[in-house]
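So the protein sequences, as listed, match chains V and R. Take 1 as the starting number for the first sequence in the working numbering and just add one per residue. Take 143 as the starting number for the second sequence in the working numbering and just add one per residue. For glycine and all other residues, C-beta sits at the position ideal for the given N, C-alpha and C. One structure below.
There are 2 protein chains.
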Amino acid sequence: MSSVLEQDIREKFRRSGYTLTSQRRAVLEALKEAKGHPSAEDVYLIVKRKNPRVALGTVYQALSVLEEIGLVDSKHWSESPTRYDLNVEPHLDIRCARCGSVSEIPGVELGELEESIRDNTPYQVTRTTIAVEGLCPSCKGA
Amino acid sequence: MSSVLEQDIREKFRRSGYTLTSQRRAVLEALKEAKGHPSAEDVYLIVKRKNPRVALGTVYQALSVLEEIGLVDSKHWSESPTRYDLNVEPHLDIRCARCGSVSEIPGVELGELEESIRDNTPYQVTRTTIAVEGLCPSCKGA
DNA sequence: TTCGGAATAGGAATGGTTACTGATCGGAGA
DNA sequence: TCTCCGATCAGTAACCATTCCTATTCCGAA
């Protein structure tokens, strides 16, 4: 997992027309710090440690901008808030139905599925999200 | 799409220990009547036409029971209420991001994906849901 | 330095869903 | 058929993730 370069960040902001504010940078830092797949609330709490005046709404707005310009990916599992991820490459994540932890599933080929979907629907496909749920190794036994 | 047999319904209720009440039957009928992929609210409105006293909460509870015993499947797309479906076989559905209509995507092989997921994670996989979004033929042009 | 549009803080509002409570139902057993 | 008890229901309040609103602040271009 290569960390996003400073240069990439500036470039993506420049091209999008959005401004790279301190709050948006702080949200990126928080995502890096959280390392896993934090929710907006998780990110908010981390950002708040350094800047107690941030608003939760600002975090949501920042995450939405970051996602729009391709620096962040989001995934949603039912009965759980949306999770955010610095890994924007197509990949699978699994969420433990018991403890809520999320981790990556490596080595699954997704390209064929996307193609097969496009070949079988008259819709213009814009997004395909796969939500995998299960029990993590430590919750499995309990 | 074969309609679920009366016998199957009774059998699944009997085995589960839940009771087949008139409300739960009405929810099943409403799903059949709606034909597509109605939301809980849609189902509620249909049921209400014949029994104005039903409560929305009852519809939610009935749908949850029906899903648990395998008579109904549910799917969730972000920014949209959960949709329910009498087709409980694994299959793909695509939702139009513009008008919200949902339709089935036939002919996509999913078995390999499931298998590949199980082979690549230490989690015990319990559920894999795929949410495909796009623009339907009539919204594509607008 | 000034100005205007973008971004933010703070908090209220939204909307799908669940939880709660007292009334009602329905089926197993007498 | 009648009784009784747990399941289910109607009605409504609560929940919670997320969005919306508004006055204020920030920031960059001129």
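- For V/Asn120, the residues of chain R that pass the 9 Å Cβ criterion are Leu234, Ile247, Pro248, Gly249, Val250, in the order they occur in the chain.
- Secondary structure at V/Glu79: coil, using DSSP grouped into helix, strand and coil.
- At least 8 Å separates the beta-carbon of V/Arg24 from that of R/Glu275.
- Secondary structure within the region 238–268 of chain R: the alpha helix (DSSP H) runs of 4 or more consecutive residues, fully enclosed, are 253–262 (chain order).
- Considering only V/Asn87, V/Arg53, V/Thr82, V/Ser78, the residue with the shortest C-alpha distance to V/Leu28 is V/Asn87.
- Identification of chain V residues near R/Glu275 by a Cβ-Cβ cut-off of 9 Å yields Tyr123, Val125, Thr126, Arg127, Thr128, Thr129, ordered along the chain.
- When the alpha-carbon of V/Cys99 is set against those of V/Ala142, V/Gln7, V/Val43, the nearest one is in V/Ala142.
- At a cut-off of 8 Å between C-beta atoms, V/Ser138 does not count as an interface residue with respect to chain R.
- For V/Gly57, the enclosing alpha helix (DSSP H) has its first and last residue at 56–68.
- Contact with chain R is absent for V/Cys99, since none of that chain's Cβ atoms lies less than 8 Å from the residue's Cβ.
- Residue contact check for R/Ile211 against chain V: no CB pair falls below 8 Å.
- Counting C-beta atoms within 10 angstroms of its own C-beta, R/Ala204 has 16 or more neighbours from the protein chains shown and is therefore classed as buried.
- A straight line joining the alpha-carbon of V/Thr82 with that of R/Ala172 spans about 31 Å.
- Taking C-beta atoms as the reference points, R/Tyr186 and V/Leu135 fail to come closer than 8 Å.
- The C-beta distance from R/Leu213 to R/Lys154 rounds to 6 Å, short enough to meet the 8 Å contact threshold.
- Looking at V/Ala40, V/Ala26, V/Ile69, the one whose alpha-carbon comes closest to that of V/Lys50 is V/Ala26.
- Taking 8 Å as the cut-off, the Cβ atoms of V/Ile117 and V/Val108 do not count as close.
- Taking 8 Å as the CB threshold, V/His76 lines the interface with chain R.
- CA-CA distance, R/Thr200 to R/Gln149, rounds to 24 Å.
- Bounds of the alpha helix (DSSP H) holding R/Lys190 are 182–192.
- Interface with chain V (8 Å Cβ-Cβ cutoff): R/Ser206 is excluded.
- Taking a beta-carbon distance threshold of 8 Å, V/Ile117 counts as an interface residue toward chain R.
- Beta-bridge partners of R/Asp235 (DSSP): R/Glu246.
- Setting aside the 5 residues that flank it on each side, R/Pro279 has no residue in the same chain whose C-beta is closer than 6 Å to its C-beta.
- Scanning its chain for C-beta atoms nearer than 7 Å, with the 5 sequence neighbours on each side dropped, one finds around R/Pro232 the residues Leu252, in chain order.
- Counting only residues of its own chain and dropping the five nearest sequence neighbours on each side, R/Ala273 has a CB closer than 6 Å to the CB of Trp219.
- In chain order, Tyr18, Arg24 place their CB closer than 7 Å to the CB of V/Val65, counting only its own chain and leaving out the 5 sequence neighbours on each side.
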